[in-house]
Structure formats: C-alpha cells, structure tokens
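*Asks:* Input: one structure, supplied below.
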Amino acid sequence: MLRSLFAFLCAAAIALAATPLVKKFACRVGAIDVPKDARRVHKKPIPLLGGIAIYLGFLISVLIFADLSLQLAGILIGASVIVLLGALDDRFVLDAKLKFVVQIVAAIIPVACGLRIEFISNFFNFAEGGKIWLSYLSAPLTVLWIVGLSNAVNFIDGLDGLACGVSTIASFSIFLIVVQLGDAATALLIAALAGACIGFLPYNFNPAKIFMGDSGALFLGFILATVSVSGNFKWFTLVNFGLPFLVLGLPIFDTAIAIIRRLIHGKKPWEADRGHIHHKLIDMGMSQKQAVAILYAVSAILGLSAILLTNSNLIKMMIMALVILIVLAVAVKLYLSHERHFKEQQAMSAENPDKPADLKDDAE
56 MLRSLFAFLC
66 AAAIALAATP
76 LVKKFACRVG
86 AIDVPKDARR
96 VHKKPIPLLG
106 GIAIYLGFLI
116 SVLIFADLSL
126 QLAGILIGAS
136 VIVLLGALDD
146 RFVLDAKLKF
156 VVQIVAAIIP
166 VACGLRIEFI
176 SNFFNFAEGG
186 KIWLSYLSAP
196 LTVLWIVGLS
206 NAVNFIDGLD
216 GLACGVSTIA
226 SFSIFLIVVQ
236 LGDAATALLI
246 AALAGACIGF
256 LPYNFNPAKI
266 FMGDSGALFL
276 GFILATVSVS
286 GNFKWFTLVN
296 FGLPFLVLGL
306 PIFDTAIAII
316 RRLIHGKKPW
326 EADRGHIHHK
336 LIDMGMSQKQ
346 AVAILYAVSA
356 ILGLSAILLT
366 NSNLIKMMIM
376 ALVILIVLAV
386 AVKLYLSHER
396 HFKEQQAMSA
406 ENPDKPADLK
416 DDAE
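Positions 56 to 419 (the working numbering) are the ones given, in order, by the sequence shown.
Now the structure itself:
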C-alpha cells in the first residue's frame, strides 16, 4: 500500500509539472485541435499531446517503484507504441486503417509477453465456479479486448475532462478491488495511472487549457485494458459477473451504441459523428460541466457496483439485474433520441439542400 501511495504521488507530481511543458511543445510543433466541425464543443484552438504528460508520469513512477517483469515490460513497450501512434495522429491525422493496424501490433506485445485472458466464467454454472478455458482463443480475445477498450476511451474523449476523469474513477475502482484481492503489483500500476490522471486534470477541466488527444485517450484505454487482465484481477475478467465491464461500463457502452448506430445508418464503425452520450447531454441543453458531472456520477456508480460485486453472491445478482435494466433503458432512450435527431437533420437538409446537415448542429 505504501509503495502504491508513493507511486500515485510521484505520477501526479510528474504529470502536473510536465503538462505546461507539453503544452508549449504542442504549440511549437503545431499539434492544435481547431474546432472545424459540429462534433467539437470547444470554441477556440486548444493544444493537444497532453497524453504525453500522463504517459511520462505513469512511466517514470512505475519504473521507480514497480518490480519489472516480462509482462510489465510488455505493457510498457506496448503503451509506448500507443502513445507514439497517438502523438503522431494528434499532429498529422493518420489514416484510420493504419492506426488500427498499429494498435493491434501494440496489443500483441504484452500478449506475447504472457498477458492473457485465460478463461471466461460459465454464467450457467457460476455458483459452482465453472470456467470455460479459452485455449487458443486466449491471445486473439485479449488483443481484441485491449484494442477495443483503447478505442472506447478515445471515443468518449469529447468534453473537457471527461475521458481523463472517467479513467481516474475507473482506476480508483480497480485499485480498491485489487487491494481486496491482495494484488500489490496491480495496485501499484493502477495507482500510478490514477496519479498521472490527477496531475493532468487541473489543466483539462473546463475550460481546458490542453487536450490529452489520442496520445492520452488511447494510452489510458490501453493501460486500463491490460491492467484488467493482469494479476489477480484477471480472474474477474470478461464474463465473471462483468467486473471490468462495470468499472469501464461508460466507454464500453457508449462505443457499442456508437458502432451499432453507425452500422444502421450505413456508416463505417470508426467514422466520427455527433451521436455519443456526451453529445446527447449537450444537445439537451446542458453545459459541459453539467454533462461531465453526470457522466462522472454514472462512472462512480458503476465503479461502486463493481466493488460490491466482489462480495456477496446475492448482492451480485441484484446489482447485475439492476445494472442490466438500467443499461437497456438508457440504450433505448438514447437510440430513440438519436433517431429523432437524425430525422430532424434529414428534414432540415430537405428544406435547405445547399446547406450541409452537420452545419445545422450547434457550433462546437
């Protein structure tokens, strides 16, 4: 616990000190997010590359306080590849297919070093501790998990402080779970991640002075994904009453809905749009701070639910049933809201055929 505390404080201090320097560097190299379409909510250009400060805080803290192992080396190398990819994309806007390929390569690195989802729980035989061992499916499913969660966190990075704050809440939730499981190594890693996020957040809260960009969002998703399949925490991974899915429920849910929505409308799954949960809250008239506060609360409730799931089986069943009902209700509500908004856009486009539909949204 003491080492985890030191790792947390060290990462926070480094990220806090590094962020202004990274901001100057981003301005110098031209890594600036200019509000040029309806998806963006900010009104003026904001520097990117804030993820580098988070990465440095995490990396240096882990190298100082953690015991290096093959799996940890794989995680750090893969994370470094992800940060480099994100930084280049923040500056040059890379091709989506190229990014996807590099993300797969980055995910393969820790998997090749032994990081695996080894089994999923047999839901129908859970009371007896039934398991379904994945065998040769272990590696590809782990890669899918890492790549998927990396992009899920990236997808919710649409409001000041949202992705970083949600990742912080998820980190604290995972920390409390692994402490209960007695996993000191994983606790130290996730404490360092939480500290790095805390150090960056003062510059990222609304009104943001710097964005973490893809270099930060992809990195946070990558570390959260790899930590959740490492140490003792991996025994709860995937279907074991969905602890990681609850802790990281907001980005996973938002991403799943986004992919389904885009496919229904004949778009590519990775094609950006204005249909994410945070966009819906803004369209309902909320300010950025209000929308972020609500999503923080949702993440905290999901994290608390995951912590409770490590205890009583009865509590597990009740919480899972409640969470499933809530998720289904929210999914239906958001889908109907999006369909109504989509039809309104089509109607407006029909009335004004010379004006692009995306320009009819509120300026972001």
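Glycine included, C-beta positions come from ideal geometry on N, C-alpha and C.
By DSSP's criteria, W200 is part of a beta bridge. Which residues make up the other side?
*Replies:* Bridge partners of W200: none, in fact.
*Asks:* What residue from A86, P100, V138 and I69 has the CA that sits closest to L277's CA?
*Replies:* Leu is not the amino acid found at residue 277; the sequence shown has Phe there. Here the closest residue by C-alpha is V138.
*Asks:* Among the residues of its own chain, which have a CB less than 6 Å from the CB of A86, if the five just before and after it don't count?
*Replies:* Answer for A86: L103, L104, D145 and R146, listed in chain order.
*Asks:* Based on Cα-Cα distance, which residue from K335, T310, K323 and I232 lies nearest to S285?
*Replies:* The candidate whose alpha carbon is nearest that of S285 is I232.
*Asks:* Since K154 is in the alpha helix (DSSP H), which residue starts that stretch and which ends it?
*Replies:* A151 to A167 is the span of the alpha helix (DSSP H), which, as asked, contains K154.
*Asks:* Can you grab the Cα-Cα spacing for the pair D212 / E173, in whole Å?
*Replies:* Roughly 30 Å between the two C-alpha positions.
*Asks:* On the three-state DSSP scale, how would you describe P262?
*Replies:* Correct three-state label for P262: coil.
*Asks:* Grab the span of the beta strand (DSSP E) containing K186 for me, first residue to last.
*Replies:* It spans K186 to W188 - the beta strand (DSSP E) in which K186 sits, taken as one unbroken run.
*Asks:* Does I87 come out as helix, strand or coil in the three-state DSSP assignment?
*Replies:* Reduced to three states, the DSSP call for I87 is strand.
*Asks:* Between the alpha carbons of A280 and P90, how many angstroms are there, rounded?
*Replies:* Each residue's alpha carbon lies about 30 Å from the other.
*Asks:* Just reading off the alpha helix (DSSP H) that T281 is part of, what are its end residues?
*Replies:* Unbroken alpha helix (DSSP H) run through T281: G268 to V282.
*Asks:* Between A72, I109 and D269, which has its C-alpha nearest L149's C-alpha?
*Replies:* Comparing Cα-Cα distances from L149 to each of A72, I109 and D269, the minimum goes to D269.
*Asks:* Is L350 closer than 9 Å to V208 when the C-beta atoms are compared?
*Replies:* Not in contact: V208 and L350 (Cβ atoms no closer than 9 Å).
*Asks:* Quick one: what's got a C-beta closer than 6 Å to S116's C-beta in the same chain, skipping five residues either side?
*Replies:* Cβ within range, chain order: A62, C65, A66 and A247.
*Asks:* Closest to F80 by CA distance: which of I265, A355 and L204 is it?
*Replies:* Measuring from the Cα of F80, the nearest candidate turns out to be I265.
*Asks:* Across the segment 119-128 and the segment 240-256, are there enough close Cβ pairs to call them in contact, namely three or more that are closer than 8 Å?
*Replies:* Contact holds: three or more Cβ-Cβ distances are below 8 Å.
*Asks:* So, helix, strand or coil for P75, using DSSP?
*Replies:* Correct three-state label for P75: helix.
*Asks:* Where does P257 sit, in a helix, a strand or coil, going by DSSP?
*Replies:* Note: P257 maps to helix in three-state DSSP.
*Asks:* Taking V77 as the reference, which of F255, P324 and A162 has the closest Cα?
*Replies:* Among F255, P324 and A162, the Cα nearest to that of V77 belongs to F255.
*Asks:* Mapping the DSSP letters down to three states, classify P102 as helix, strand or coil.
*Replies:* Three-state DSSP puts P102 in a strand.
*Asks:* Name the residue from A194, A142 and I187 whose alpha carbon lies nearest to the alpha carbon of I159.
*Replies:* Of the listed residues, the one whose Cα sits closest to I159 is A194.
*Asks:* Short of 7 Å in beta carbon distance, which residues of its chain neighbour F300, apart from the five on each side in sequence? Order them along the chain.
*Replies:* Contacts found: I307.
*Asks:* Express the C-alpha separation of D215 and E326 in angstroms, rounding to a whole number.
*Replies:* Each residue's alpha carbon lies about 21 Å from the other.
*Asks:* Are the C-beta of D238 and some C-beta of chain B separated by less than 9 Å?
*Replies:* The structure shown has no chain B; it contains just one protein chain.
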